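Taking it in order: structure first as C-alpha coordinates, then the write-up.
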Amino acid sequence: ELALMHADDDFIVNVLESDNPDVASQAFAIAQLRKLADQSLSVEQEQLLSAMAVDGRDGWGRLYDNLTGTLKVNLKLP
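Here UniProt numbering is used: the first residue of the sequence shown is 1, the next is one more, and so on.
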(Lines of atoms letter the chains of each structure in order from A; the text may use other names.)
(Lines give C-alpha, C1' and ligand atoms only; values in the text may rest on other atoms or scores of the structure.)
Protein backbone atom coordinates (compact mmCIF):
# COMPACT_ATOMS: atom_id res chain seq x y z
CA GLU A 1 0.00 0.00 0.00
CA LEU A 2 2.76 2.47 0.87
CA ALA A 3 4.39 1.86 -2.49
CA LEU A 4 1.17 2.78 -4.27
CA MET A 5 0.65 5.84 -2.07
CA HIS A 6 4.05 7.30 -2.82
CA ALA A 7 4.53 6.10 -6.40
CA ASP A 8 5.06 8.58 -9.21
CA ASP A 9 1.84 9.86 -10.81
CA ASP A 10 2.96 8.84 -14.31
CA PHE A 11 3.58 5.28 -13.11
CA ILE A 12 0.11 5.05 -11.57
CA VAL A 13 -1.51 6.40 -14.74
CA ASN A 14 0.34 3.82 -16.85
CA VAL A 15 -0.70 1.01 -14.54
CA LEU A 16 -4.35 2.07 -14.48
CA GLU A 17 -4.47 2.44 -18.27
CA SER A 18 -3.25 -1.11 -18.82
CA ASP A 19 -5.65 -3.72 -20.22
CA ASN A 20 -5.31 -5.94 -17.16
CA PRO A 21 -8.80 -6.61 -15.69
CA ASP A 22 -7.30 -7.24 -12.23
CA VAL A 23 -5.86 -3.74 -12.19
CA ALA A 24 -9.09 -2.23 -13.47
CA SER A 25 -11.04 -3.81 -10.62
CA GLN A 26 -8.66 -2.17 -8.12
CA ALA A 27 -8.71 1.32 -9.66
CA PHE A 28 -11.05 2.74 -7.01
CA ALA A 29 -8.97 1.35 -4.12
CA ILE A 30 -5.77 2.73 -5.67
CA ALA A 31 -7.38 6.15 -6.11
CA GLN A 32 -8.45 6.17 -2.46
CA LEU A 33 -4.94 5.25 -1.33
CA ARG A 34 -3.52 8.06 -3.43
CA LYS A 35 -5.89 10.54 -1.76
CA LEU A 36 -4.57 9.51 1.67
CA ALA A 37 -0.91 9.89 0.68
CA ASP A 38 -0.70 13.43 2.06
CA GLN A 39 -1.93 12.23 5.45
CA SER A 40 0.36 9.21 5.77
CA LEU A 41 3.87 8.85 7.14
CA SER A 42 6.86 7.42 5.33
CA VAL A 43 7.95 3.84 6.03
CA GLU A 44 10.90 5.10 8.10
CA GLN A 45 8.64 7.32 10.21
CA GLU A 46 6.18 4.47 10.79
CA GLN A 47 9.00 2.18 11.94
CA LEU A 48 10.36 4.83 14.29
CA LEU A 49 6.95 5.41 15.88
CA SER A 50 6.43 1.66 16.28
CA ALA A 51 9.78 1.29 18.02
CA MET A 52 9.01 4.21 20.35
CA ALA A 53 5.56 2.89 21.24
CA VAL A 54 6.83 -0.22 23.02
CA ASP A 55 5.63 -0.32 26.63
CA GLY A 56 3.97 -2.59 29.14
CA ARG A 57 3.95 -6.31 28.41
CA ASP A 58 5.57 -5.85 25.00
CA GLY A 59 8.38 -3.81 26.54
CA TRP A 60 9.10 -6.48 29.15
CA GLY A 61 9.00 -9.16 26.46
CA ARG A 62 11.49 -7.27 24.32
CA LEU A 63 13.77 -6.70 27.33
CA TYR A 64 13.60 -10.41 28.21
CA ASP A 65 14.41 -11.40 24.62
CA ASN A 66 17.35 -9.00 24.48
CA LEU A 67 18.79 -10.17 27.80
CA THR A 68 18.38 -13.89 27.23
CA GLY A 69 19.56 -13.61 23.65
CA THR A 70 22.88 -12.09 24.70
CA LEU A 71 23.41 -13.99 27.94
CA LYS A 72 26.82 -15.68 28.25
CA VAL A 73 27.84 -18.18 30.89
CA ASN A 74 31.27 -19.52 31.79
CA LEU A 75 30.79 -23.15 32.75
CA LYS A 76 33.53 -25.27 34.30
CA LEU A 77 32.79 -28.96 34.41
CA PRO A 78 34.60 -31.22 36.89
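Quick reminder that beta carbons are idealized off the backbone N, C-alpha and C, glycines included. Owing to the predicted nature of the structure, the values given are computational and were not obtained by experimental measurement.
When the beta-carbon positions are compared, Leu4 and Leu36 stay at least 7 Å from each other.
Looking at the backbone, the Cα of Gln26 and that of Ser40 are separated by about 20 Å.
No Cβ-Cβ contact shorter than 7 Å links Val43 with Leu16. Taken through DSSP and simplified to helix, strand or coil, Asp19 comes out as coil.
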